[in-house]
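From first to last, the protein sequence lines stand for chains A and B.
To convert, take the position in the first sequence, counting from 1, and add 15; that gives our numbering.
To convert, take the position in the second sequence, counting from 1, and add 15; that gives our numbering.
Protein chains: 2
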Amino acid sequence: MSAVRLSTTSYVVLGMLALRGPSTSYDLKRAIGHSVGYFWSFPHAQLYSEPQRLAELGLLELSLEEDGRRRKTFTITEKGRHALRQWLAEPTNEHFEIRDVAELKLFFSEAGDPGNVLELAREQVKQHEERIAVYEATQRRFGQRPEVAPRMVSLQLGLEMERAALRFWTALSDELNSDADPALPAEYLQALVGRLNRPNGG
Amino acid sequence: MSAVRLSTTSYVVLGMLALRGPSTSYDLKRAIGHSVGYFWSFPHAQLYSEPQRLAELGLLELSLEEDGRRRKTFTITEKGRHALRQWLAEPTNEHFEIRDVAELKLFFSEAGDPGNVLELAREQVKQHEERIAVYEATQRRFGQRPEVAPRMVSLQLGLEMERAALRFWTALSDELNSDADPALPAEYLQALVGRLNRPNGG
DNA sequence: GGTGTATGGTCCGTTTCAGACCATCTGTTT
DNA sequence: AAACAGATGGTCTGAAACGGACCATACACC
């Protein structure tokens, strides 16, 4: 019957519909955009094709608006809830995946001008500071509301990761700044680790 | 001329060839598998098609072995080095991307049995501990060799991220373990944050 | 001579991706 | 009321990426 494989993205759709109630693809797009999209992103076009597919599988119900906009609103069915619960019930042995262009450039930096690294680090500091600001704003806005508090827990993980990255790039940038000779990698790695371990090392 | 777009994966190939010298696709596969693959993964089949493409663009040179195995060995050309250096010279404004199934399950946990979260957290603790062990082993093995020390710097970032994740999941699992009533999300979030902020909170 | 494992590589159907494109609706300005 | 901007709501498509099955050689060891 349902020998069909559901992707993680399918479960994001199911999960969002379970949490929010009936929604259009556009609603999902926005909701995901400032929540779960930060740790599972995909092109928005999929939010139009995927629910359609899930509806055909009986996991969602589709209702067409009669008047002008003819919106398509999706509602999770009992079967859909069941599939979602099943997925939630099995813990993952999957490790998170990171795709970090900056980390790559750092890794390969030997093959170019080592002077580039400082700029790279500074830009990353900026990126992570910005992201942290966004997360913290979200936390302030929703942290007190008990209905959404559970979701704030995963935001907390995001924050911790961001802060770890920020500490790293800050320490690296400081180290490169203060070092007259940035061409002594082994010792400079030690210094970097030292900076990271020092409390208030940022 | 080279109006062709190079993907990040292209630069991984270029970078690896620049650091290692002439290599076969298989060599690249192994080298990437325990280094840069941790923060930029892709199917190994691409390590057979991509270098071919880069060779056609003049960024690599291909030499065929005459005898038995007929290995294809790729060498980076001056043009290839140039492209790589250019890429390395521009800092990224890209933010890293995380894809974390566990974080998703945590986010949606309200929609299922909240009791699942403890198992989820425990499994993640295990995953991150394992990964940290791998990273630390690499660090011990190569940390002292000055030739590869620069590459150890990016490993350090990976380690910091892993440790942040481990702290989070450990704190969460401890919190759920000690809490008789895990259905008080707001207060329990506070407790979680408290645990994370406490030094030696793991 | 058989078996296992590392090496080295190819192929191909299915999903994802990125992003261009289109249409409608609502509020504001002029 | 016409014009416009910006949010809303959605479709389409070519190009990449994915993943995993599949194949073959080399070599070591029993």
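Glycine included, every Cβ here is placed at the ideal spot set by N, Cα and C.
Could you give the distance in angstroms between the alpha-carbon of G130(B) and the alpha-carbon of W102(A)? Position 115 of the second sequence, counting from 1, holds the residue named residue 130(B). Position 87 of the first sequence, counting from 1, holds the residue named residue 102(A). Their backbone Cα atoms lie some 13 Å apart in a straight line.
Straight-line CA distance for L75(A) to L32(B)? On the first sequence, residue 75(A) is found 60 positions in, with the first residue counted as 1. On the second sequence, residue 32(B) is found 17 positions in, with the first residue counted as 1. If I take the Cα positions, the gap works out to 49 Å.
Return the chain-ordered list of same chain residues with a C-beta closer than 7 Å to the C-beta of T92(B), the five sequence neighbours on each side being excluded. The residue labelled residue 92(B) in the question sits at position 77 within the second sequence. Closer than 7 Å at the Cβ level, and outside the excluded window around T92(B), lie G73, L74, L75, E76.
With a cut-off of 8 Å, does the C-beta of D115(A) fall near any C-beta of chain B? As a position in the first sequence, residue 115(A) is number 100, starting the count at 1. So yes, D115(A) belongs to the interface.
Name the DSSP bridge partner or partners of S78(B)? What you label residue 78(B) is simply residue 63 of the second sequence in a count that begins at 1. Answer is T88(B), bridged to S78(B).
CA nearest to the CA of V116(A), picked from N212(B), W184(B), L133(B), T24(B): Along the first sequence, one-based indexing puts residue 116(A) at 101. The shortest CA-to-CA distance from V116(A) to any of N212(B), W184(B), L133(B), T24(B) is the one to T24(B).
Using a Cβ cut-off of 7 Å, pull out every chain B residue sitting near N212(A), in sequence order please. Along the first sequence, read from residue 1 onward, the residue named residue 212(A) stands at position 197. By Cβ distance, chain B contributes nothing, its closest Cβ being about 11 Å from N212(A), past 7 Å.
Residues in the segment 155-175 of chain A with C-beta within 7 Å of chain B's C-beta atoms, listed in sequence order? Listed by position along the chain: P161, A164, P165, R166, M167, V168, S169, Q171, L172, E175.
Beta-carbon within less than 8 Å of V140(A)'s beta-carbon, same chain only, minus the 5 sequence neighbours each way: which residues are those? Numbered from 1 along the first sequence, position 125 holds the residue referred to as residue 140(A). The beta carbon of V140(A) sits closer than 8 Å to the beta carbons of L181, W184, T185, S188 from its chain, once the five residues preceding and following it are set aside; these are given in chain order.
Answer with buried or exposed for G216(B), where buried requires no fewer than 16 other C-beta atoms within 10 angstroms of its C-beta. Taking the second sequence and counting its residues from 1, the one referred to as residue 216(B) is at position 201. Unreliable placement is indicated for G216(B), whose pLDDT of 41 sits below 50; the coordinate value is still reported in the next sentence. Answer is exposed; the Cβ neighbour count stays below 16.
Spatial distance of S40(A) from V163(A) (CA atoms): Position 25 of the first sequence, counting from 1, holds the residue named residue 40(A). Position 148 of the first sequence, counting from 1, holds the residue named residue 163(A). Rounded to whole angstroms, S40(A) to V163(A) spans 21 Å at the Cα level.
Measuring only the C-alpha atoms, how far is G54(A) from A206(A)? Here residue 54(A) refers to the residue found at position 39 when the first sequence is read from its first residue. Here residue 206(A) refers to the residue found at position 191 when the first sequence is read from its first residue. Looking at the sequence provided, one finds Phe at residue 54(A) rather than Gly. Approximately 32 Å between the Cα atoms of the pair.
Where are the beta strand (DSSP E) runs, 3 residues long or more, that stay fully inside the segment 96-154 of chain B, in chain order? Whole beta strand (DSSP E) segments, 3+ residues: 112-114.
What are the partner residues of T39(B), as DSSP defines its beta bridges? Counted from its first residue, the second sequence places residue 39(B) at position 24. Paired residue(s): T88(B).
Less than 7 Å between C-beta atoms, sequence neighbours within five positions excluded: which residues of the same chain meet that for H59(A)? By 1-based counting over the first sequence, the position of residue 59(A) is 44. The beta carbon of H59(A) lies closer than 7 Å to those of K44 in the same chain, with the five residues before and after it left out.
So, does the CB of P37(B) fall closer than 8 Å to a CB anywhere in chain A? Here residue 37(B) is taken as the residue at index 22 of the second sequence, counted from 1. Output row for P37(B): interface = no.
Burial state of L79(A), where buried means 16 or more other Cβ atoms lie within 10 Å: Along the first sequence, read from residue 1 onward, the residue named residue 79(A) stands at position 64. Counting Cβ neighbours within 10 Å, L79(A) comes out exposed, since fewer than 16 surround it.
Taking 8 Å as the threshold (beta carbon to beta carbon), is L121(A) in contact with chain B? Counting from 1 along the first sequence, the entry for residue 121(A) is found at position 106. Chain B, which has a Cβ nearer than 8 Å to the Cβ of L121(A), makes this yes.
Mind checking the segment 125-141 of chain B against chain A and listing, in chain order, the residues whose C-beta falls within less than 7 Å of any C-beta there? So the list reads E125, A126, G127, D128, N131, E134, L135, E138, given in the order they occur along the chain.
I'd like to check one pair, I147(B) with E177(B): are the Cβ atoms closer than 8 Å? Within the second sequence, numbered from 1, the residue matching residue 177(B) stands at position 162. Within the second sequence, numbered from 1, the residue matching residue 147(B) stands at position 132. Yes. Within cutoff.
Under the three-state DSSP convention, the category R160(A) falls into: Along the first sequence, one-based indexing puts residue 160(A) at 145. Collapsing the DSSP output to three states places R160(A) in coil.
Same chain, Cβ closer than 7 Å to R155(A), five either side skipped, listed in chain order: Start at 1 with the first residue of the first sequence, and residue 155(A) comes out as number 140. Its chain contains no residue whose beta carbon lies nearer than 7 Å to that of R155(A) once the 5 sequence neighbours on both sides are disregarded.
Going by Cα to Cα distance, which pick from A179(A), F157(A), E190(A), E125(A) is closest to E144(A)? The count along the first sequence starts at 1 and reaches residue 144(A) at position 129. Closest option to E144(A), Cα to Cα, is A179(A).
Counting only Cβ pairs nearer than 9 Å, list the residues of chain B close to A206(A). In the first sequence, residue 206(A) corresponds to position 191, counting from 1. Around A206(A), no beta-carbon contact reaches into chain B at under 9 Å, the shortest distance being about 11 Å.
Taking the CB atoms as reference points, tell me whether A152(A) and D128(B) lie closer together than 8 Å. In the first sequence, counting from the first residue as 1, residue 152(A) sits at position 137. In the second sequence, counting from the first residue as 1, residue 128(B) sits at position 113. Against a cut-off of 8 Å, the Cβ pair of D128(B) and A152(A) comes out as no contact.
Output the distance between the C-alpha atoms of Q159(A) and S124(A), rounded to the nearest integer angstrom. Position 144 of the first sequence, counted from the start, is the residue given in the question as residue 159(A). Position 109 of the first sequence, counted from the start, is the residue given in the question as residue 124(A). C-alpha separation (whole angstroms): 44 Å.
Can you find the residues in the same chain that come closer than 7 Å, C-beta to C-beta, to L191(B), ignoring five residues on each side of it along the sequence? Looking up residue 191(B) in the second sequence gives position 176. Taken in chain order, the residues that qualify are V132, L133, A136, P197.
Give a yes or no on whether 8 Å exceeds the smallest Cβ distance from N108(B) to chain A. Residue mapping note: residue 108(B) aligns to position 93 of the second sequence, counting from 1. N108(B) counts as touching chain A.
If we call anything under 8 Å between Cβ atoms a contact, is T88(B) one with S38(B)? Reading the second sequence from its first residue, position 73 is the one you call residue 88(B). Reading the second sequence from its first residue, position 23 is the one you call residue 38(B). Judged by their CB atoms, T88(B) and S38(B) are nearer to each other than the 8 Å cut-off.
A98(B) beta carbon less than 8 Å from that of L34(B): In the second sequence, counting from the first residue as 1, residue 34(B) sits at position 19. In the second sequence, counting from the first residue as 1, residue 98(B) sits at position 83. No, these two residues do not count as a Cβ contact at 8 Å.
If you reduce the DSSP assignment to three classes, tell me which class A206(A) lands in. Counting from one through the first sequence, the residue named residue 206(A) turns up at place 191. Under the three-state reduction of DSSP output, A206(A) falls in the helix class.
Hey, could you find the ends of the alpha helix (DSSP H) A70(A) is sitting in? Sequence index remark: in the first sequence, residue 70(A) carries index 55 (1-based). Unbroken alpha helix (DSSP H) run through A70(A): 61-71.
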